[in-house]
Amino acid sequence: MSLTDGTDATRRAIGPAYYHPHAVRRCAPAIKRLQRSVIHASKLARPPAADPRGRSAVAQNRMTNKDAHNWEIQANIANWKRKPVLREIYRAFHEEIANQLADRSAGLVVELGSGVADITEVIPNCVRTDLFLNPWIDQVQNAYSLSFEKQSVSNLILFDVFHHLRYPGTALNEFRRVLIPGGRVIIFEPCISVLGFIVFGLLHKEPMALGEQIHWNAPDDRMIGGRATITF
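If you're matching positions, the sequence shown starts at 1 in my numbering and goes up one per residue.
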């Protein structure tokens, strides 16, 4: 399914880009085994009333975005290490992504918003990036203001990242700038089916925000020299 199906603005922004809707089929048996632990995992993903250092719930609510991010990363690492089925699922996802890559020899392969799942086990030369400098990150990058040179990237991979972008049009324009001719943006996103609505709406810690307005482009006052300087 082409991401460019839909708006002319998107088509002008990035040209050919691909979303693979059937990647889940190869790992359906593993997903079924994992379903039993969905509720348990969702509880682990939420901060407790008080952390091991005795910090109160009020103090935790005052955590900075970076503190909250670091707490979530540590929880994700713990879940990742103790769930071999989860690692199996993500590897299958990464293999599906690898099958959709454009010619890698013509430019960099970059993953934006890299989590604890190591995509380099399947795509060895992939550059892993995030807003925060985690131990596994190769570079700190902002989707609205990438540091890559014009037409230097052959593939941009966004795994569970695109729905976090506050200004998708601004990001897509930046993707177009760094992509080589014929390069690809590969977007891997959750499916909000009936079951997905229940899982993501009731059990997932992040709000679904289905009724919120989408701001396609960043406000002009947040742009400097034609380059976005905002964050997610």
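Built from N, CA and C at the ideal position, the CB exists for glycine as well. Keep in mind that this is a model prediction, so the values were computed, not measured.
Burial state of residue 94 (16 or more Cβ within 10 Å): buried
Residue 180 and residue 157 closer than 8 Å at C-beta: no
N-terminal and C-terminal residue of the beta strand (DSSP E) that residue 187 is part of: 179-188
Identity of the residues DSSP links to residue 151 by a beta bridge: Its beta-bridge partners do not exist; DSSP assigns none.
Reduced DSSP category for residue 206 - H, G, I as helix; E, B as strand; rest coil: coil
Top-ranked residue by Cα proximity to residue 136, from 111, 154, 150 and 147: 111
Secondary structure of residue 159, DSSP reduced to three states: strand
Among 67, 197, 217 and 218, nearest to residue 209 - alpha-carbon criterion: It is 197.
Proximity to residue 133 [Cα-Cα], best of 211, 191 and 113: 113
Beta-carbon spacing of residue 216, residue 144 below 8 Å: no
Buried versus exposed call for residue 126 [16 or more other C-beta atoms within 10 Å across all chains shown]: buried
Buried versus exposed call for residue 107 [16 or more other C-beta atoms within 10 Å across all chains shown]: buried
Helix, strand or coil at residue 199 [DSSP, three-state]: helix
Near the ligand ATP: residue 162 beta-carbon under 7 Å from a heavy atom: No copy of the ligand ATP appears in this structure; indeed no ligand is present at all.
Local Cβ density within 10 Å of residue 140, reported as buried at 16 or more and exposed below that: With a threshold of 16 other beta carbon atoms within 10 Å, residue 140 falls short and is exposed.
Residue 111, enclosing alpha helix (DSSP H) - first and last residue: It is not in any alpha helix (DSSP H) - residue 111 instead sits in the beta strand (DSSP E) that spans 108-112.
Beta-carbon gap between residue 155 and residue 102 smaller than 8 Å: It is a contact, given that the beta carbons lie within the stated cut-off.
Residue 128 - containing beta strand (DSSP E), residue span: In the DSSP assignment, residue 128 falls within the unbroken beta strand (DSSP E) covering 127-130.
Minimum C-alpha distance to residue 66 - residue among 100, 130 and 177: 130
Cross-strand partners of residue 139 (DSSP beta bridge): 129
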